[in-house]
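The structure under discussion appears below in the form of structure tokens.
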Amino acid sequence: MSLWPEETAARYRASGYWRGQTFGALLTSLKDAYADRTAVVGEDQRWPFAELDERAHRLAAGFAANGIKQGDRVVVQLPNIPEFVSVVFGLWRAGAVPVFALPAHRDSELRHFVEQSEATAIITVGEHAGHDHAKMAREVAEGRVFVVGEPEFAELAETEPCELPDPDPEGMAFLQLSGGSTGLPKLIPRTHDDYLYSVRESARICGLKKESVYLAALPVAHNFPLSSPGLLGALHAGAATVLAPRPDADTAFRLIEAEGVTISGVVPPLAAAWVQAAARTARDLSSLDVLLVGGAKCGRELAERIGPALGCQLQQVFGMAEGLVCYTRLDDPEDLVLSTQGRPISPDDEVRVVNPDDPLAESDHVVEPGEIGALLTRGPYTIRGYYNAAEHNKTAFTDDGFYRTGDLVRRRESGHLEVVGRAKEQINRGGEKVAAEEVENHLMAHPGVLDAAVVAVPDEYLGERTCAYVVPVDGSQPSAAELRRFVRERGVAAFKVPDLVEVVGEFPVTGVGKTSKRELRAALAALAKER
Ligand code: J2J
């Protein structure tokens, strides 16, 4: 059954966007075409396509033998290691549905993913970057836990391959995470058909060919390094993906030189750090042709420095795990590349720019061409609803199925979009998304906190940082340090711990009642900007 209205689905099939191929079947065809070519490179492993294929077959059989059935959700929390790739393809071949947690997520988030998806297993690592992931998973899991590096996983990985039925290409292939603006991250159901379309086109738009080498610098479970064009785009083109354990310039430059990396993707603060480091590196970066920058706005000043400093072409990308991805094209005029965030992948990506002052504007409330408005979108790889979130979906989507991105954009005549701001209650911390309400809820769990409002403050390096305004209960005076520690100890990703905490007698804005958190946040954000 399609997750889109049947009539629309039929159109996407007829247009050749949806081709009825699953990721498992894709890997089989890649193995046939590129058997001995390198598919995945880790710190001490290098797998040709044939080996990746074999490993995925064995894991699939192992998962099936361990009771993981078609349609079962399995939370995957793995860093940038080759096993991420074999596990995910193994799950796909077993017909299971990976739920992509990031390595930064901690127990409260992991628990939420398990509960929300009713996951029957978690696949994770042991110690990673100073955190015991295996212990955390065992505390949170409601079913099995498989730890890469432990004997039980090794056994899975050695299972004799077997024939398994291919899942429905129009069914849910995996659950991606939303950046979120409300309480907790929503789960995004993507299908084989819709995602493969965006991957295939991304690979083409970014000029990938089998000789390309993609460096996954960001955590590869994130939608950007996974699919824009990312690991999957590289695999699709028969190209190698090098998995960087960390995104810093030293690590990245070492890998670019050693592996002859031709293309990578980073968030703006990382691009800035690479630009700076390039001036004093002894590494040879001449293989790098293209650097994708996205996840947060890349200002013109930074955009202008990237090409000259790194000796490559800048490609801006504006995407979202819910679907729509825009790229500047490699043959676009320079001005568009430097000053816009690109245009959509598909001729059938419908883009509407609507009245920004009406948060629930319907898709026919369009603004004049060239005016700033809120971006709505609908298309062959943009979801029509979050997973198990009927209530939230009523406001996150218009009646006619457009996704309310929460982004404020201006549309050029060429179709290129300029991202100029945001209407959603989210802080974009250098590409890492923080939902204001989620952090407020953590703060409000503190016995000394009466009310909290989390807003963005401008930051030179990250673009934005989080600032929490906290009103204590009478007689209580929690310190900023204590509140930050409190949030951290509730088990959240470090990037969600408020950067600044202002404990105030009352919210320092007049004329705003308690009626709308939204208005309060807007007023506080304006105040914070002036500081
Ligand atoms: C301004 N804001 C941007 C940009 C994303 C490719 C690239 C990024 C993501 C991603 C992705 C932006 N300028 N260039 O999934 O496939 C903000 C917008 C958007 C939100 C989505 C991909 N690129 N953003 O960042 O799901 O606010 O996906 O709605 O994490 O990031 O966040 P996310």
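Per my numbering: the sequence shown = residues -7 to 523. Just so it is clear, CB atoms sit at the ideal spot from N, CA and C, and this is done for glycine as well. Values in this document were obtained by computation on a predicted structure and should not be read as measured data.
Buried or exposed (CB count within 10 angstroms, at least 16 for buried), residue i
{"i": "CYS154", "result": "exposed"}
{"i": "GLN168", "result": "buried"}
{"i": "ARG457", "result": "buried"}
{"i": "TYR379", "result": "buried"}
{"i": "MET128", "result": "buried"}
{"i": "ASP466", "result": "exposed"}
{"i": "MET312", "result": "buried"}
{"i": "LEU442", "result": "exposed"}
{"i": "ALA244", "result": "buried"}
{"i": "GLU43", "result": "buried"}
{"i": "LYS521", "result": "exposed"}
{"i": "PRO260", "result": "buried"}
{"i": "PRO372", "result": "buried"}
Cβ-Cβ separation, residue j to residue i (assumed contact under 8 angstroms), whole Å
{"i": "VAL89", "j": "ILE115", "result": "That belief does not hold up - the Cβ atoms of VAL89 and ILE115 are roughly 12 angstroms apart, past 8 angstroms."}
{"i": "VAL345", "j": "VAL358", "result": "6 angstroms"}
{"i": "ARG50", "j": "ALA149", "result": "6 angstroms"}
{"i": "LEU294", "j": "ALA264", "result": "6 angstroms"}
{"i": "VAL91", "j": "VAL117", "result": "The pair is not a contact, with the Cβ atoms about 16 angstroms apart (cut-off 8 angstroms)."}
{"i": "GLN62", "j": "GLY87", "result": "3 angstroms"}
{"i": "GLY483", "j": "ASP186", "result": "Between ASP186 and GLY483 the Cβ distance is about 33 angstroms, and since that is not below 8 angstroms, they are no contact."}
{"i": "GLY398", "j": "ARG421", "result": "That pair is no contact at about 16 angstroms."}
{"i": "LEU156", "j": "ALA269", "result": "Contact doesn't hold; Cβ gap of about 46 angstroms is too wide."}
{"i": "ARG151", "j": "ALA57", "result": "One point to set straight first is that residue 151 is Thr, not Arg, in the sequence displayed. Contact flag correct, Cβ pair sits at about 6 angstroms."}
Distance cut-off 7 angstroms: residue i Cβ against heavy atoms of the ligand J2J
{"i": "ASP350", "result": "no"}
{"i": "LEU198", "result": "The question names Leu, but residue 198 in the sequence shown is Cys. No, the Cβ of CYS198 stays beyond 7 angstroms of every heavy atom of the ligand J2J."}
{"i": "ASP186", "result": "no"}
{"i": "ALA57", "result": "no"}
{"i": "ARG396", "result": "no"}
{"i": "ASP324", "result": "no"}
{"i": "ALA313", "result": "yes"}
{"i": "ARG3", "result": "no"}
{"i": "SER256", "result": "no"}
{"i": "ASP399", "result": "yes"}
{"i": "SER279", "result": "no"}
{"i": "ALA226", "result": "no"}
{"i": "ASN433", "result": "no"}
{"i": "VAL343", "result": "no"}
{"i": "ALA288", "result": "yes"}
{"i": "GLN308", "result": "yes"}
{"i": "PHE216", "result": "yes"}
{"i": "GLY413", "result": "no"}
{"i": "VAL282", "result": "no"}
Beta-carbon proximity of residue i to residue j, cut-off 8 angstroms
{"i": "LEU283", "j": "ILE298", "result": "yes"}
{"i": "VAL449", "j": "LEU400", "result": "no"}
{"i": "VAL309", "j": "GLY291", "result": "no"}
{"i": "VAL463", "j": "VAL446", "result": "no"}
{"i": "VAL132", "j": "LEU102", "result": "yes"}
{"i": "LYS202", "j": "TYR26", "result": "yes"}
{"i": "LEU302", "j": "VAL267", "result": "yes"}
{"i": "ALA213", "j": "THR233", "result": "no"}
{"i": "VAL258", "j": "LEU210", "result": "yes"}
{"i": "ALA113", "j": "GLY141", "result": "no"}
{"i": "ALA366", "j": "ARG404", "result": "no"}
{"i": "ASP391", "j": "THR369", "result": "no"}
{"i": "ASP45", "j": "LEU18", "result": "no"}
{"i": "ILE255", "j": "CYS198", "result": "yes"}
{"i": "VAL479", "j": "VAL495", "result": "no"}
{"i": "GLY12", "j": "PHE81", "result": "no"}
{"i": "ALA517", "j": "ALA96", "result": "no"}
{"i": "THR14", "j": "PRO159", "result": "yes"}
{"i": "GLN108", "j": "LEU218", "result": "no"}
{"i": "VAL317", "j": "SER190", "result": "yes"}
{"i": "THR332", "j": "GLU410", "result": "yes"}
{"i": "ALA250", "j": "GLY423", "result": "no"}
{"i": "ARG513", "j": "GLU417", "result": "yes"}
Minimum Cβ-Cβ distance from residue i to chain C less than 8 angstroms
{"i": "ALA460", "result": "This model lacks chain C altogether; it includes just one protein chain."}
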